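See structure below.
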């Protein structure tokens with residue numbers, strides 16, 4: 001009887017221990033390099049996933065998205081996309097998956113989120129409690145009168161989250177990785 005209690009106790013402790021979160025601390029040198037990158041405002045983000053707003057129209061086309069994709073999560077690996085920040089200038093070419101509420105026009109070749117201008121109202125904050133940077137700005141589309149509100153969260157492990165809210169489309173979120181800009 002004692003051996004059963006002992007085994008149950010050991011198994012319980014193992015389960016409790018395995019359910020604990022892993023603490024993968026980022027070294028001070030890695031955090032300093034990330035701080036220099038972000039606070040210097042010279043970086044590039046390449047996204048691996050797009051998370052569009054799920055609507056009824058998106059649900060209807062969900063079956064044609066291909067393998068490894070769902071209506072709520074689309075794989076962008078192998079798809080050229082980026083968002084670059086150089087000082088106050090922002091340049092992006094991000095694919096858009098979702099529903100357009102108005103506008104659009106007849107030229108449907110360039111339907112992504114394309115920005116190439118100086119950002120307006122750019123703000124950068126470091127949230128010490130969450131160990132992440134939060135950048136926000138406003139920008140416009142290169143080809144149309146569409147405006148975007150962009151919020152970028154940069155985590156200590158160099159993973160990023162970009163949320164784009166548009167005046168003409170449903171919002172979309174991108175998950176990716178930050179890297180230094182390549183010098184030209």
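Residue numbers (the UniProt record's numbering): 1 to 184. We treat Cβ as the ideally placed atom computed from N, Cα and C, and that holds for glycine. What you are looking at is a predicted structure, and each value in this text was computed from that prediction instead of being measured.
Exercise. Quick one: does residue 135 have its CB under 8 Å from some CB of chain C?
Worked result: Here chain C cannot be found, since the structure has a single protein chain.
Exercise. Starting from residue 159 and walking both ways along the alpha helix (DSSP H), at which residues does that stretch end?
Worked result: As a working note, residue 159 is residue 159 in the chain shown. DSSP places residue 159 in no alpha helix (DSSP H) but in the uninterrupted beta strand (DSSP E) bounded by 159-166.
Exercise. DSSP state of residue 258, grouped into three classes?
Worked result: The requested residue 258 does not occur in the structure, where the chain is confined to residues 1 to 184.
For this session: Within its chain, find whatever has a CB closer than 6 Å to the CB of residue 149; leave out the 5 residues flanking it on each side and keep chain order.
Result: What you label residue 149 is simply residue 149 of the chain shown in a count that begins at 1. 138, 165.
Exercise. Roughly how many angstroms separate the alpha carbons of residue 62 and residue 98, rounded to a whole number?
Worked result: Here residue 62 refers to the residue found at position 62 when the chain shown is read from its first residue. Here residue 98 refers to the residue found at position 98 when the chain shown is read from its first residue. Whole-angstrom Cα-Cα distance: 11 Å.
Exercise. So is residue 180 buried or exposed if we call it buried at 16+ other beta carbons inside 10 Å?
Worked result: Within the chain shown, the letter at position 180 stands for residue 180. Under the 10 Å beta carbon count, residue 180 is surrounded by fewer than 16 other beta carbons and is classified as exposed.
Problem set entry | Endpoints, alpha helix (DSSP H) assigned at residue 82 | One-based indexing of the chain shown puts residue 82 at position 82. Counting along the chain, residue 82 falls outside any alpha helix (DSSP H), though it belongs to the beta strand (DSSP E) covering 82-86.
Problem set entry | Neighbourhood of residue 112 by C-beta distance below 7 Å, restricted to the same chain and skipping five residues each side | Residue 112 sits at position 112 when you count from the first residue of the chain shown. Around residue 112: 93, 94, 95, 96.
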